[in-house]
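The next block holds one structure in the form of structure tokens; read it before the comments.
In my numbering, the protein residues as written are 123 to 298.
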């Protein structure tokens, strides 16, 4: 940039800042006039935090922490907003242990289970916990039991899903 352009850009920045200060002062004076007239002042709204997560990522890339909230804000969440296990309080009526489909090689070490709870309805509650065996092989890979095809990707069994769909489409039962 040439020196003249730099001066013009600096001058424009100064004018924009002066304009912003003037607009802020005008807003304050209007609020004061409204209060003196017995009216309510203009409410002050906090800025939207909808883009806060994306701004944080941008700032992290740029090495800039201005947009990130203070760590105290992150720690002070609303009551009841902590993530809770939705299946922890469920009564389990049946438990099935599933081994990996491929044979476990010699020397593999059993490392526990990965639980997967499927909720069903027998016009009485009937919840099944599938305990997927997890094995660590000597070469470092993992072997894990597989869920039956009827429940893969679902936490509700096929009978319950079909019952709900039948009630909705054929019996005209709404969601309410």
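For every residue, glycine included, the Cβ atom is placed at its ideal position computed from N, Cα and C.
Exercise. Between the Cα of residue 245 and those of 224, 281, 261, spot the shortest distance and give me the residue it belongs to.
Key: Translated into the one-based positions of the chain shown, residue 245 becomes position 123. The closest CA to that of residue 245, considering only 224, 281, 261, is found on 281.
Quiz item: Hey, would you say residue 279 sits closer than 8 Å to residue 253, going by beta carbons?
Solution: As a position in the chain shown, residue 279 is number 157, starting the count at 1. As a position in the chain shown, residue 253 is number 131, starting the count at 1. Contact flag unset, no.
Quiz item: Exposed or buried, which one is residue 240 when buried takes at least 16 other CB atoms within 10 Å?
Solution: The sequence position of residue 240 within the chain shown is 118, counting from 1. Label assigned to residue 240: buried.
Quiz item: Can the beta-carbon of residue 232 be found less than 8 Å from the beta-carbon of residue 264?
Solution: Stepping through the chain shown from its first residue, residue 232 is reached at position 110. Stepping through the chain shown from its first residue, residue 264 is reached at position 142. Not in contact: residue 232 and residue 264 (Cβ atoms no closer than 8 Å).
Exercise. Rounded to whole angstroms, what's the CA-CA distance from residue 289 to residue 221? Just pull it up for me.
Key: Numbered from its first residue, the chain shown carries residue 289 at position 167. Numbered from its first residue, the chain shown carries residue 221 at position 99. Cα atoms of residue 289 and residue 221: separation of roughly 36 Å, rounded to the nearest angstrom.
Quiz item: Hey, out of 217, 138, 154, whose CA is closest to residue 248's CA?
Solution: Numbered from 1 along the chain shown, position 126 holds the residue referred to as residue 248. Ranked by Cα distance from residue 248, the first of 217, 138, 154 is 217.
Quiz item: In three-state terms, what does DSSP make of residue 284?
Solution: Sequence index remark: in the chain shown, residue 284 carries index 162 (1-based). In the three-state scheme derived from DSSP, where H, G and I count as helix and E and B as strand, residue 284 is classed as helix.
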